[in-house]
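Q: Can you keep this structure in mind? I'll have questions shortly.
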Amino acid sequence: MKKTALFLLVAASLIGCTANNKATKNSINQKEVIAKLSLEDKAHFVIGTGMAGFSGNDAVIGSTRSLVPGAAGTTYPLDSLGIPAIVLADGPAGLRIDPIRKGDSATYYCTHFPIGTLLASTWNTQLIEEVGQAIGEEVKEYGADVLLAPALNIMRNPLCGRNFEYYSEDPVVAGKTAAAYITGVQKNDVGTSIKHFAANNQETNRMNNDAHISQRALREIYLKGFEIAIKESKPWTVMTSYNYVNGTYTSESKDLVETILRDEWGYEGTVMTDWFGGKDGAVQMWAGNDMLQPGKAEQFQSIVAGVKSGKLAEADLDRNVARILNLVEKSPRFKGYPYSNKPDLKAHARVTRQSAAEGMVLMKNEKLKIKNEELAAPLPFSDKIKNVALYGNTSYDFIAGGTGSGNVNHAYVVSLLDGLKNGGYTVSEELKTAYETYAADCKKKTEEEIEAAAKKNPGSAMLLRFMPRPLPDEKLFSANELAKQAKDADIAVITIGRISGEFMDRKVADFNLSDSERKLITQVCEVYHKARKQVVVLLNIGGVIETASWNSLPDAILCAWQAGQEGGNSVVDVLSGKLSPSGKFTMTWPVKFNDAYSSRNFPIDQDPRIDLMNQGAKSADVRNVDYTDYEEDIYVGYRYFDSFDVPVAYPFGFGLSYTTFAYSVAKITENDDTYEVTVTVTNSGEHEGKEVVELYVAAPDSKAANKPVKELKAYAKTKLLKPGESETLTMTVKAADLASFDAEASAWVVAEGDYQFLVAASAADIRATLPATVKARQTKAHDVLKPQAPISLLRR
Ligand code: BGC
41 MKKTALFLLV
51 AASLIGCTAN
61 NKATKNSINQ
71 KEVIAKLSLE
81 DKAHFVIGTG
91 MAGFSGNDAV
101 IGSTRSLVPG
111 AAGTTYPLDS
121 LGIPAIVLAD
131 GPAGLRIDPI
141 RKGDSATYYC
151 THFPIGTLLA
161 STWNTQLIEE
171 VGQAIGEEVK
181 EYGADVLLAP
191 ALNIMRNPLC
201 GRNFEYYSED
211 PVVAGKTAAA
221 YITGVQKNDV
231 GTSIKHFAAN
241 NQETNRMNND
251 AHISQRALRE
261 IYLKGFEIAI
271 KESKPWTVMT
281 SYNYVNGTYT
291 SESKDLVETI
301 LRDEWGYEGT
311 VMTDWFGGKD
321 GAVQMWAGND
331 MLQPGKAEQF
341 QSIVAGVKSG
351 KLAEADLDRN
361 VARILNLVEK
371 SPRFKGYPYS
381 NKPDLKAHAR
391 VTRQSAAEGM
401 VLMKNEKLKI
411 KNEELAAPLP
421 FSDKIKNVAL
431 YGNTSYDFIA
441 GGTGSGNVNH
451 AYVVSLLDGL
461 KNGGYTVSEE
471 LKTAYETYAA
481 DCKKKTEEEI
491 EAAAKKNPGS
501 AMLLRFMPRP
511 LPDEKLFSAN
521 ELAKQAKDAD
531 IAVITIGRIS
541 GEFMDRKVAD
551 FNLSDSERKL
561 ITQVCEVYHK
571 ARKQVVVLLN
581 IGGVIETASW
591 NSLPDAILCA
601 WQAGQEGGNS
611 VVDVLSGKLS
621 PSGKFTMTWP
631 VKFNDAYSSR
641 NFPIDQDPRI
651 DLMNQGAKSA
661 DVRNVDYTDY
671 EEDIYVGYRY
681 FDSFDVPVAY
691 PFGFGLSYTT
701 FAYSVAKITE
711 NDDTYEVTVT
721 VTNSGEHEGK
731 EVVELYVAAP
741 DSKAANKPVK
751 ELKAYAKTKL
761 LKPGESETLT
771 MTVKAADLAS
781 FDAEASAWVV
791 AEGDYQFLVA
801 ASAADIRATL
811 PATVKARQTK
821 AHDVLKPQAP
831 ISLLRR
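Written out as structure tokens, the structure reads:
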């Protein structure tokens, strides 16, 4: 008789009940459950329940039709033992589920919050936690159990298609942002899945790319953020990435998943694969990758055969089953949480509106000199600004976020047009009609192209639909038309839009402005300036673009990122001065794409090689496609630009405000191997505002030691300061945080000597230098994840 036949009889005794004996369950007797499972039951339990519709034409990313339609997946239920399937659904910019269901008149829209990059740009961990908490409420009230977020890969190169989901080129910012987000979501007693562990830094051939990375860069850059977030916030789950690292799939790497994650960092949660990630189920089980999502028949077979042949110890499988049971036990579904399907969407619209405004980065705001006349900086709009001329396709069709699994099925997006109207401004109806007609024509053309593509290859048409692109060209106007528009308006706003996402990296052309965008900015600035009117450029983007060749033209530039469903309102809150911008960049903006050292080793304008089911073999050896040498080593982002004196368009940590801030009485004290830096920040300008203070540390003899000239170690943000108001901020750094990874010694090593703690407003704006003598220390680590062949590494 099959063991499962017994389940019904024993189910009641395996599950603890609450004192009053209601249906609410609170614990699982793991030992007994595992003892009742056959090998096949266990193999089923560690893989998901498959993905409905995957093989058809209606889904390219994770989605299940059961329990919560549109969620990415579920765990395997053991119904007769009272172990329910729990629901795993994407983030990170909000919950991704289907908004409508067959035969159901109710709707299930979720709030589209700002993209990860914008959240990180707030440098406000309390605010990020509040956003996380609001997202978590939607997860819980829509009946999901684990949010597949946050996404924490390092922005290694400006063209990575998923940078919009990620936080920073710096692991401290990435780690702290993720920790705040996780803490917020998990306050609802639902789980998160920090992803993609690790080094999923390109989309091109993401399921088969082998990232060749030095042990030092792995430890200091690509794993560090995960380490910070995991230790600080204990995510319920970790999602391994698709790629190989130094020859091994991350989901098959015991060194990564057991030795580093669990043994070194003390992680106690559950590890799952990315969807269809990795190949050999038995090896994944041995490696400690507890759960394989959404599950493939081969994985099931490999696990069963593995145990039978002795390749996989059944104890390893049991360990993974136990970890999944732990996860189920914590879940709202197991506890019988009566979800409402009615999260507080109104309250969350307010949360997204406010958080989006705080992550916008003011890049420029200058006076305009015309002959003897001088116009004040255009932002915030003065009372005289009433009529706004809106240019740029995306002004009328604001981009809320990126594409792929990071998309959110929102009920609406407030465009800049609507945001301005809501803010009481008048917007040229003539321009609006011109743009609407233009957009309708372009969309018709695109639809025809997709139809034609579908005839040749249905898959490619599906992807084109799934990955919407902005209109190909900007609408241009004649000099006469512009002159008339300038006469009628008080100011011009031009929006430049970009969209990218999963499956595909951006192209160099996407980094640069198109000819029509360049012409639009040049012509509008010329005509408006002649008419003594100013021009603001708004960037509605998910990743950095080229700015150095045109940023002298407009009077102001505001990077609004992709600001979620309330985007237009959030932007207008900033333009109107209701809120002063206080975002700062969490990545460097290079002058030219090639200036980033990683651009030498990044798939440039490659065919994406999408392999949705990870069926491909690792056959060809195309550089940057099949493998990528991380030759820049630890010199990622500002660590490179600063250390090698390469000029940038905007430095890491940069962002202006409507006010100014003075830094004073910066002090450092040492206590118990912890350095505490305090600094008083005073609002020295005329508007209210918040300031982000960054703390970098410069190691002694950094060049000889092959270290970056400085590295961010901590940061803090003031509350909203009124003009003249001050606040003293405290930032702490532990001596151990000053260590570099010495691969030869397999140890974190702090070199002895005189360090400098730099209190800064950006990587290029140091306000105080505080010396401190630091003692030597060393912490052993495991000698794992070695490159298989030497990589030619950049050195100072
Ligand atoms: C993505 C993950 C996502 C998963 C489930 C994958 O394609 O890489 O980030 O969570 O799909 O939708």
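Take 41 as the starting number for the sequence shown in the numbering used here and just add one per residue. Ideal placement from N, C-alpha and C gives every residue a C-beta, glycine not left out.
#1: Between Tyr284, Tyr703, Gly693 and Ser273, which has its C-alpha nearest alanine 804's C-alpha?
#2: Smallest Cα separation from alanine 600: which of Arg259, Lys404, Asp81 and Arg835?
#3: Any idea what DSSP makes of methionine 400, helix, strand or coil?
#4: Residues in its own chain within less than 6 Å of valine 212 by CB, not counting five upstream and five downstream?
#5: Output the distance between the C-alpha atoms of asparagine 412 and valine 575, rounded to the nearest integer angstrom.
#6: Rank Lys707, Asp613 and Thr819 by C-alpha distance to the C-alpha of arginine 393 and give the top, closest one.
#7: How many Å lie between tyrosine 696 and tryptophan 163 at the Cα?
#8: What does DSSP give as the partner residue(s) for tyrosine 795 in the beta ladder?
#9: In terms of alpha-carbon separation, which member of Asp138, Ser786 and Ser832 lies closest to tyrosine 182?
#10: Given 7 Å as the limit, tell me if glutamate 243 has its C-beta closer than that to any heavy atom belonging to ligand 1.
#11: Helix, strand or coil for aspartate 481? Go by DSSP, reduced to three states.
#12: Might you give, ordered along the chain, the residues of its own chain that have their beta carbon closer than 7 Å to the beta carbon of valine 688, omitting 5 neighbours on each side?
#13: Near proline 827, which residues of its chain fall below 6 Å by C-beta distance, leaving aside the five closest residues on each side in sequence?
#14: Can at least three beta-carbon pairs, one atom from the stretch 287–295 and one from the stretch 314–321, be found at a separation below 8 Å?
#15: Mind reading off the beta-carbon distance from glutamate 398 to glycine 623? Whole number of angstroms is fine, and I expect it under 8 Å.
#16: Considering Cα atoms alone, identify which of Leu385, Asn193, Val323 and Pro691 is closest to tyrosine 149.
#17: Do alanine 816 and alanine 739 have their C-beta atoms within less than 8 Å of each other?
#18: Is glutamate 731 near ligand 1, in the sense that its beta carbon is under 7 Å from a heavy atom of that ligand?
#19: Within 10 angstroms of the Cβ of tyrosine 307, are there 16 or more other Cβ atoms? Answer buried if so, exposed if not.
#20: Would you call the stretch 724–735 in contact with the stretch 756–763, where contact means no fewer than 3 C-beta pairs closer than 8 Å?
#21: For a minimum of 4 consecutive residues, which ranges assigned as the alpha helix (DSSP H) are wholly contained in the stretch 371–451?
#22: Count the CB pairs spanning the stretch 76–90 and the stretch 268–286 that are closer than 8 Å, and state whether there are at least three.
#23: Counting only the same chain and skipping the five closest in sequence on each side, list residues whose C-beta sits under 7 Å from that of alanine 218.
#24: Pick out whichever of Met195, Ala549, Asp314 and His822 has its Cα sitting closest to the Cα of glutamate 209.
#25: Take glutamine 166 as the anchor and find which of Asp528, Pro132 and Ala220 has the nearest alpha-carbon.
#26: Helix, strand or coil, according to DSSP, for glycine 729 in the structure here?
#27: Is the stretch 141–160 touching the stretch 439–450 in the sense that three or more CB pairs, one from each, lie closer than 8 Å?
#28: Could you say which of Glu72, Asp555 and Thr626 lies nearest to valine 361 if we only look at CA atoms?
#29: Apart from the five residues just before and just after threonine 147, which ones in its own chain have a Cβ nearer than 8 Å to its Cβ?
#30: Would the C-beta of alanine 112 count as close to ligand 1, meaning under 7 Å from any of its heavy atoms?
#31: In whole angstroms, what separates the C-alpha of glutamate 80 from that of valine 344?
#32: Suppose you measure from the CA of isoleucine 74 to the CA of alanine 387; what does that come to, to the nearest Å?
#33: Can you tell me where the beta strand (DSSP E) holding isoleucine 137 begins and where it ends?
#34: If we count the other Cβ atoms within 10 Å of its Cβ and call it buried at 16 or more, is alanine 596 buried or exposed?
#35: Have a look at alanine 63 and serine 120 and give me their C-alpha separation to the nearest angstrom.
#36: Among the residues of its own chain, which have a CB less than 7 Å from the CB of aspartate 330, if the five just before and after it don't count?
A: Inspection of the coordinates gives the following:
#1: Nearest Cα to alanine 804 within the set Tyr284, Tyr703, Gly693 and Ser273: Gly693.
#2: The shortest Cα separation from alanine 600 among Arg259, Lys404, Asp81 and Arg835 belongs to Lys404.
#3: If DSSP states are grouped into helix, strand and coil, methionine 400 belongs with coil.
#4: Here the set comprises Leu752.
#5: Straight through space, the alpha carbons of valine 575 and asparagine 412 are spaced by roughly 19 Å.
#6: Taking arginine 393 as reference, the option from Lys707, Asp613 and Thr819 with the minimal CA-CA separation is Asp613.
#7: It is leucine, not tyrosine, that sits at residue 696 in the sequence shown. Roughly 14 Å between the two C-alpha positions.
#8: In DSSP, tyrosine 795 forms a bridge with Ala812.
#9: Just measuring C-alpha positions, the residue of Asp138, Ser786 and Ser832 sitting nearest tyrosine 182 is Asp138.
#10: No, the beta carbon of glutamate 243 sits no closer than 7 Å to any heavy atom of ligand 1.
#11: Here aspartate 481 sits in helix by DSSP.
#12: Sequence-distant partners of valine 688 (beyond 5 residues in either direction) whose C-beta falls short of 7 Å from its own C-beta, in its chain, are Thr628, Trp629, Pro630, Val631 and Phe681.
#13: Scanning its chain for C-beta atoms nearer than 6 Å, with the 5 sequence neighbours on each side dropped, one finds around proline 827 the residues His252 and Asn286, in chain order.
#14: Verdict: yes, contact present.
#15: Contact flag correct, Cβ pair sits at about 6 Å.
#16: When each option's Cα is compared against that of tyrosine 149, the closest is Leu385.
#17: Cβ distance not < 8 Å, so alanine 816 and alanine 739 don't count as in contact.
#18: Not so, every heavy atom of ligand 1 lies at least 7 Å from the Cβ.
#19: That one is buried.
#20: The stretch 724–735 and the stretch 756–763 touch, with no fewer than 3 CB-CB distances between them shorter than 8 Å.
#21: As far as the stretch 371–451 is concerned, its whole alpha helix (DSSP H) runs of at least 4 residues are 372–375, 385–398 and 433–436.
#22: Touching, no.
#23: Take alanine 218, set aside five residues on each side of it, and the residues of its chain with a beta-carbon closer than 7 Å to its own are Pro190, Leu192, Tyr207, Ile234, Gly265 and Ala269, in chain order.
#24: Closest by alpha carbon: Met195.
#25: Ranked by how close their Cα comes to the Cα of glutamine 166, the residues Asp528, Pro132 and Ala220 have Ala220 in first place.
#26: For glycine 729, the three-state secondary structure derived from DSSP is strand.
#27: With a cut-off of 8 Å, the stretch 141–160 and the stretch 439–450 count as touching, because enough Cβ pairs lie within range.
#28: Among Glu72, Asp555 and Thr626, the Cα nearest to that of valine 361 is on Glu72.
#29: Within the same chain, threonine 147 has close Cβ partners Pro139, Ile140 and Ala451.
#30: Within the cutoff, so yes.
#31: Distance between the alpha carbons of glutamate 80 and valine 344: 7 Å.
#32: One C-alpha to the other measures close to 43 Å.
#33: Note, isoleucine 137: premise wrong, no beta strand (DSSP E); not H, not E.
#34: With 16 or more other Cβ atoms within 10 Å, it is buried.
#35: For alanine 63, the predicted model reports a pLDDT of 44, less than 50, meaning its position is unreliable; a value from the coordinates is still stated below. A straight-line Cα-Cα distance of about 15 Å links alanine 63 and serine 120.
#36: So the qualifying residues of the chain are Val86, Thr310, Val311, Met312, Asn360, Arg363 and Ile364.
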